[in-house]
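Asks: First to last, the sequence lines map onto chains A and B.
The first sequence: position 3 = 3 (the numbering used here), numbered continuously.
If you want the numbering used here, it's the position in the second sequence, counting the first as 1, plus 298.
Don't be surprised by glycine CBs; every beta carbon is placed ideally from N, CA and C.
If you scroll down you'll find the structure; I have some questions about it.
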Amino acid sequence: MTENAPTLQGFTEAPPRVNEWRRFKRAFFQRKLVVFGLVVLSLLIISAIFAPWLAPGDPYNGNLDDSLAQPSMKYLLGTDIQGRDTLSRLIYGARTALIVGFATTIFTAGVGILLGLFAGYFGGITDTIVMRAMDALMGFPMLLLALLIAAVLGSGLQNVIIALGVATLPGYARVMHGLTLSIKENDYIMAERAMGSGNLRIMLSHILPNTLPPMIVLITLQLGSIILAEAGLSFLGIGIRPPGAAWGSMVYDGYRFLLSNPVLSFAPGLAIMLVVFAFNMVGDGLRDALDPRLRGII
Amino acid sequence: MTAYIIRRLIQGFFILIIMSLIVFFAMRLLPGDPLVIFMGQQASSGAMSEAQMASLRHEYGLDKPIMIQYVDWVGGIFRGNLGTSIYYHEDIGKLLGERFPITLHLGVAAFVVANVFGILLGVFAGIRRGTWIDTVSTTLANIGITVPVFWLGILMIFTLGLKLNWLPIYGYTSPFDNFWMSTKQAIMPVFCLAITGMAYTARQTRSAMLEVIRQDYIRTAWSKGLRERTIIIKHALKNSLIPVITLMGIGLGMVFGGAVLVETVFAIPGIGRLLVTSVFAQDYVVVQSGTLVIATIIVLSNLIVDISYGWLDPRIRYN
Numbered sequence: 001m002t003e004n005a006p007t008l009q010g011f012t013e014a015p016p017r018v019n020e021w022r023r024f025k026r027a028f029f030q031r032k033l034v035v036f037g038l039v040v041l042s043l044l045i046i047s048a049i050f051a052p053w054l055a056p057g058d059p060y061n062g063n064l065d066d067s068l069a070q071p072s073m074k075y076l077l078g079t080d081i082q083g084r085d086t087l088s089r090l091i092y093g094a095r096t097a098l099i100v101g102f103a104t105t106i107f108t109a110g111v112g113i114l115l116g117l118f119a120g121y122f123g124g125i126t127d128t129i130v131m132r133a134m135d136a137l138m139g140f141p142m143l144l145l146a147l148l149i150a151a152v153l154g155s156g157l158q159n160v161i162i163a164l165g166v167a168t169l170p171g172y173a174r175v176m177h178g179l180t181l182s183i184k185e186n187d188y189i190m191a192e193r194a195m196g197s198g199n200l201r202i203m204l205s206h207i208l209p210n211t212l213p214p215m216i217v218l219i220t221l222q223l224g225s226i227i228l229a230e231a232g233l234s235f236l237g238i239g240i241r242p243p244g245a246a247w248g249s250m251v252y253d254g255y256r257f258l259l260s261n262p263v264l265s266f267a268p269g270l271a272i273m274l275v276v277f278a279f280n281m282v283g284d285g286l287r288d289a290l291d292p293r294l295r296g297i298i
Numbered sequence: 299m300t301a302y303i304i305r306r307l308i309q310g311f312f313i314l315i316i317m318s319l320i321v322f323f324a325m326r327l328l329p330g331d332p333l334v335i336f337m338g339q340q341a342s343s344g345a346m347s348e349a350q351m352a353s354l355r356h357e358y359g360l361d362k363p364i365m366i367q368y369v370d371w372v373g374g375i376f377r378g379n380l381g382t383s384i385y386y387h388e389d390i391g392k393l394l395g396e397r398f399p400i401t402l403h404l405g406v407a408a409f410v411v412a413n414v415f416g417i418l419l420g421v422f423a424g425i426r427r428g429t430w431i432d433t434v435s436t437t438l439a440n441i442g443i444t445v446p447v448f449w450l451g452i453l454m455i456f457t458l459g460l461k462l463n464w465l466p467i468y469g470y471t472s473p474f475d476n477f478w479m480s481t482k483q484a485i486m487p488v489f490c491l492a493i494t495g496m497a498y499t500a501r502q503t504r505s506a507m508l509e510v511i512r513q514d515y516i517r518t519a520w521s522k523g524l525r526e527r528t529i530i531i532k533h534a535l536k537n538s539l540i541p542v543i544t545l546m547g548i549g550l551g552m553v554f555g556g557a558v559l560v561e562t563v564f565a566i567p568g569i570g571r572l573l574v575t576s577v578f579a580q581d582y583v584v585v586q587s588g589t590l591v592i593a594t595i596i597v598l599s600n601l602i603v604d605i606s607y608g609w610l611d612p613r614i615r616y617n
């Protein structure tokens, strides 16, 4: 019995009141890797927004006389076959990565969350149809599904967004579905119904807000995998069309000059990895700070 | 158990049907007349009269209602008739048959590597939490999840192939023709295919292990005086592998998704490379059939995973 004493004592004493925001801050900023991720993401966003001012050269029109220049003071990371400054293309590539990442997420999270919410809330036949369709989509490897869709639609920014959006849809729908199923069993939902609230009101103003923390975590983690998949599509030549600057296609273009100019494909690959790593770290940090119980679910 | 297996089989069958519908309608409902695309390849589309178009349409069954076309397509697959490639002018069954063993060879090797090393890394990280083993393993897992595999491939080609001259940098040789060469050529692609799955497996095993070694029955095993190795292998690992097995199904999908990239980097004539070439050649029938074949394999292996899962953890069966 003596074993239980400390826990019992813990229950009788009122827990120290900690400001929720301060607790979050402490848990979130505690890990060095999370802070590192935040720094990388800040740099990414800054270079995406201020690309025209930050880029030392023209990312689209190169100087052919300086084709395949080695890194120097003039071209910090050298130039590609068309004489375009690698660093500038890298900075503009941040734009592409962020645009694809955020546009895809808005599309896929919006649709996926609604599908999961409706399926989980109404259950029955709606649930079966929606979730089985999601299972089927999930059966395809993400890159293969994106490849299939991009094959039909053709390349280009917009089509890449649609392809990646459809490919990442089931992840959102599944998590949302699971959350809705558990939240709708709560007493406050029953109380709300007893007060005469309609289905739509219960779903949008009671279930949806409660799924926000896990959804924020999922969105952050998915942003990383979307950027990784976009890089894969661009590497295959299906993503962003030239002369648009995308990290994946920069790796592919540089691959041909691996012996003479390795930096051409090393630099953009490292950028992809850093950004995906940063999104994953921040996502993990958010999860542990918002709700550690989410470990294993997301 | 039988009821559970039957239920899973029926579910798997329906999923396959939905997947085939997705593949088929993705190709048909989106803009672009398949016949025009087909004729574009024949470079004679401009010269065709309406009547000729109509007769061709009839010949390829494109004038039938779309559901009938779907049934014809699926029926053809069951009879082993996957259609004819527009680009290669060959039977798709034959095209896939030639390339499939290559992808399968590398994929199975990668799958084994990913799970063996992933589980080992995860177990050691879990039982030696907070030590350097844990740090190394967790860092490796984080890198494995985030690294673009095509870039990793290029890095390996640069260091191991071009600079150190240890391994051949591209191509594929069948192990039956030249085993030594085949193995040397396979090392880098297999590692690239395995890295993501390995990282996820290591992470999952570590957290499952941490969960399990806190349990009472592990403490009982310790107090019985069992050796650490016995406790870890017989008691802890067995129980922590259950969630890891679920990951294996997903891992197989990653191998096939990764094959598209890795086969491009290392110039390996497998299914992944065929799909990419076909996308560029607008050879939709190949993309369609190839995707469905891969999807079928993944659904089947997920089925096996599900069934073994129910066998390992009886609680699942009654869910």
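1. Check the Cβ-Cβ distances between B:Val510 and every residue of chain A, and say whether any is below 8 Å.
2. Closer than 9 Å, Cβ to Cβ, to anything on chain B: give me those residues from the region 125 to 140 of chain A, in chain order.
3. With burial defined as no fewer than 16 other Cβ atoms inside 10 Å of the residue's Cβ, what is the status of A:Pro292: buried or exposed?
4. Check A:Asp127 in the structure and name its three-state DSSP category.
5. Cα separation between A:Met1 and B:Ala506?
6. From the DSSP output, in three-state form, read off B:Asp389 for me.
7. Which of helix, strand or coil does DSSP assign to A:Asp85?
8. Which one or two residues does DSSP pair with B:Thr481 in a beta bridge?
9. Give the residues from the region 433 to 449 of chain B that approach chain D closer than 9 Å (Cβ to any Cβ), ordered along the chain.
10. Output yes if chain A places a C-beta closer than 8 Å to the C-beta of B:Leu307; else output no.
11. Residues of chain B with a CB under 7 Å from the CB of A:Tyr255: which are they?
12. Which residues in the same chain have their Cβ closer than 7 Å to the Cβ of B:Val447, if we skip the five residues on either side of it in sequence?
13. Would B:Ser576 and B:Val585 be called neighbours here (beta carbons separated by less than 8 Å)?
14. Measure the C-alpha to C-alpha separation of A:Leu299 and A:Leu153 and round it to an integer number of angstroms.
15. What three-state label does DSSP hand B:Thr471 in the structure shown?
16. Just the Cα atoms here: how many angstroms apart are A:Thr168 and B:Leu550?
17. Under a three-way DSSP split, which group does B:Thr382 fall into?
18. Taking the alpha carbon of B:Ile313 as the point to measure from, which residue in A:Arg26, A:Leu68, A:Arg132 has its own alpha carbon closest?
19. Of all the CB atoms in chain B, is at least one closer than 8 Å to the CB of A:Val35?
20. Could you check which residue in B:Ile543, B:Val574, B:Ile592, B:Leu610 has the C-alpha nearest to that of B:Val414?
21. With DSSP run on the structure shown, which of helix, strand or coil describes B:Thr503?
22. Would you kindly report the start and end of the unbroken alpha helix (DSSP H) that includes B:Arg306?
23. Is the number of C-beta pairs between the region 463 to 471 of chain B and the region 376 to 384 of chain B that are closer than 8 Å three or more?
24. Kindly indicate which residue of A:Val217, A:Ala151, A:Asn261, A:Ala119 has the alpha-carbon position closest to the one of A:Leu181.
25. Comparing the C-beta of B:Gly549 with each C-beta of chain A, is any distance below 8 Å?
26. To the nearest angstrom, report how far apart A:Ser367 and B:Leu307 are at their CA atoms.
27. Hey, quick one: how far does the alpha helix (DSSP H) through A:Lys32 stretch, first residue to last?
28. Which residue comes first and which comes last in the alpha helix (DSSP H) that contains B:Thr544?
29. A:Thr79 by DSSP, collapsed to three states: which one?
30. For B:Val603, go through chain A and note every residue whose CB falls closer than 9 Å to its CB, in chain order.
31. Interface residues of chain A around B:Thr562 at Cβ under 7 Å?
32. Please report how far the alpha carbon of B:Gly523 lies from the alpha carbon of B:Leu419, in whole angstroms.
33. Start and end of the alpha helix (DSSP H) containing B:Gln580?
34. Pick out whichever of A:Leu208, A:Phe140, A:Ser67 has its Cα sitting closest to the Cα of B:Gly588.
35. Assign A:Met1 to one of three DSSP states: helix, strand, or coil.
36. Using a C-beta to C-beta distance shorter than 7 Å, which residues of chain A count as neighbours of B:Gly405?
Replies: A quick look at the data gives this:
1. no
2. Arg132, Ala133, Asp135, Ala136, Leu137, Met138, Gly139, Phe140
3. exposed
4. helix
5. Here A:Met1 scores only 39 on pLDDT, less than 50, and its place in the model is too uncertain to base an answer on.
6. strand
7. strand
8. DSSP output for B:Thr481 lists no bridge partner at all.
9. Absent from the structure is chain D; the protein chains it does hold are A and B.
10. no
11. Ile452
12. Cys490, Ile493, Thr494, Gly556, Leu559, Val560
13. yes
14. Lying outside 1 to 298, the shown extent of chain A, residue 299 of chain A is not represented and no answer is given.
15. coil
16. 18 Å
17. strand
18. A:Arg132
19. no
20. B:Ile543
21. helix
22. 300 to 326
23. no
24. A:Ala119
25. no
26. What is shown of chain A runs 1 to 298, which leaves residue 367 of chain A out entirely.
27. 32 to 49
28. 536 to 563
29. strand
30. Chain A residues near B:Val603: none, gap ~12 Å exceeds 9 Å.
31. Leu236
32. 26 Å
33. Element bounds for B:Gln580: n/a, residue is neither H nor E.
34. A:Phe140
35. The predicted position of A:Met1 is uncertain, since its pLDDT is 39 and thus under 50; a value taken from the coordinates is nonetheless stated next. In this structure, A:Met1 counts as coil in the three-state DSSP scheme.
36. The contacting residues do not exist; B:Gly405 stays about 11 Å from chain A at best.
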